[in-house]
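Reading through the structure tokens given below for one structure.
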Amino acid sequence: MADPVSGIITIVTVSLAIIQQTVKFIQEANVIDESTKRLLVKLKDLHKQIREVESLCKHAGSQEDEPSRFVCEDLKRCNDRLDQVRTTVEALALRSSGTFMQKATLKIRSERSKKEIEDAITDIKDLIVLIHNSIICWTYRTVTIIARRPSEAPPSYETNQTKQYEIPVNKS
């Protein structure tokens, strides 16, 4: 008698777990459109930030110093990584998700791409930190070069006004 009861309890427990997972999947499938849109917005924000750095460092490639090369290389890597992930996210965003079946398909595809997208965003953020550090080094180097240059101000000569304040010294 105990075996049939434990079998029924096992079946009910497994069925409840399946139902819970199904409900969770349905809820996630219903919000997949918003998740994809948020991801697309995040990528667009990263793209804007990269463009801003590029515009600030427009002439970085024309110089031959180390920091400017680092900035250019990191910007190129950042753009390449952004292009890779953008195609994946845009493909997800362009998929039709009107019916539940389309949403479920989109959910499954986005779950497959989720790790790749998250890794790409992390890589891009890390590259932005590298770019920031390179710009700090570049700025520091430029400031130290400017500080070491001789002054461009004309040399000052002693005038009559400064002589009148000299204290006479007795030479006795």
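Sequential numbering from 1 applies to the sequence shown in full-length UniProt numbering.
We treat Cβ as the ideally placed atom computed from N, Cα and C, and that holds for glycine.
Neighbour-count burial assignment, residue i, 16 or more Cβ in a 10 Å radius
i	result
T144	exposed
V71	buried
L106	buried
I50	buried
residue 242	For the chain, the structure presents residues 1 to 172; residue 242 sits outside this window and is missing.
A120	buried
Cα-Cα separation between residue i and residue j, rounded to whole angstroms
i	j	result
V89	L39	7 angstroms
K37	A93	7 angstroms
I128	T22	39 angstroms
C78	I135	15 angstroms
R117	T13	For clarity, residue 117 is Ile in the given sequence; the question names Arg instead. Taking the straight line joining both Cα atoms gives about 35 angstroms.
K114	Q20	22 angstroms
T142	S68	11 angstroms
D126	W138	18 angstroms
Integer Cβ distance of residue i from residue j, believed to fall under 8 angstroms
i	j	result
V53	L82	Going by Cβ atoms, the distance from V53 to L82 rounds to 12 angstroms, so no, they are not a contact pair.
L16	I124	Contact flag wrong, Cβ pair sits at about 42 angstroms.
R86	L43	6 angstroms
**OP:** Write down every uninterrupted run of the alpha helix (DSSP H) in the stretch 64 to 110 whose length is 4 residues or greater and which is fully enclosed by it, in chain order.
**Re:** 66 to 94
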